[in-house]
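**Q**
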Amino acid sequence: MTVTRSLLCHMNIVLSDGSTADSTKASGKPARLNVGDGTLSPAFEAQLVTLAEGDKHSFTLEAIDAFGESNPDAIHYLDRSRFPADMSLEAGVIVSFAGPGGSEIPGIVRDVAGDSITVDLNHPLAGHKITFELDVVKVL
Numbered sequence: 001m002t003v004t005r006s007l008l009c010h011m012n013i014v015l016s017d018g019s020t021a022d023s024t025k026a027s028g029k030p031a032r033l034n035v036g037d038g039t040l041s042p043a044f045e046a047q048l049v050t051l052a053e054g055d056k057h058s059f060t061l062e063a064i065d066a067f068g069e070s071n072p073d074a075i076h077y078l079d080r081s082r083f084p085a086d087m088s089l090e091a092g093v094i095v096s097f098a099g100p101g102g103s104e105i106p107g108i109v110r111d112v113a114g115d116s117i118t119v120d121l122n123h124p125l126a127g128h129k130i131t132f133e134l135d136v137v138k139v140l
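For the sequence shown, the UniProt record's numbering begins at 1 and goes up steadily by one.
1) How many angstroms separate the CA atom of F132 from the CA atom of E53?
2) What is the rounded straight-line gap between the Cα of H10 and the Cα of L33?
3) Is the distance from the Cβ of L48 to the Cβ of K138 below 9 Å?
4) Can you tell me the Cα-Cα spacing of T24 and N12, whole angstroms?
5) Can the beta-carbon of I108 be found closer than 9 Å to that of I117?
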């Protein structure tokens, strides 16, 4: 796929309860959003096509167009023996697994019941309706 345009944007990711899940303003480093490379959903890209430097734009996407729906096949029940003995495992802890080609796949511990550990490999924002608040820093 070919990138047709890129935007550098400061972005707040806001959940339906009004809480901010992430913000590039905290790091001071804007995100680069590439239109046309297949990394963004068509609904997200449609919000970017007319934006210019200096624009502020807020829009809300359903889960399927934001970070996807939660996939029940990405929830795994693992035996405690699969984790280092000294690792503290409790709900909310993020653990990392080896993925293809040496990549890392993060998972969130959802439940601990004896020696059974429930790990969710879905994106943490999957299944959520998301509001994106963009401040366009530069169009490339």
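Ideal Cβ placement from N, Cα and C applies to all residues, glycine included. Values in this document were obtained by computation on a predicted structure and should not be read as measured data.
**A** Once the coordinates are examined:
1) F132 and E53: Cα-Cα distance of roughly 17 Å.
2) If I take the Cα positions, the gap works out to 10 Å.
3) Not in contact: L48 and K138 (Cβ atoms no closer than 9 Å).
4) Straight through space, the alpha carbons of N12 and T24 are spaced by roughly 7 Å.
5) Using a Cβ distance threshold of 9 Å, I108 and I117 do not count as a contacting pair.
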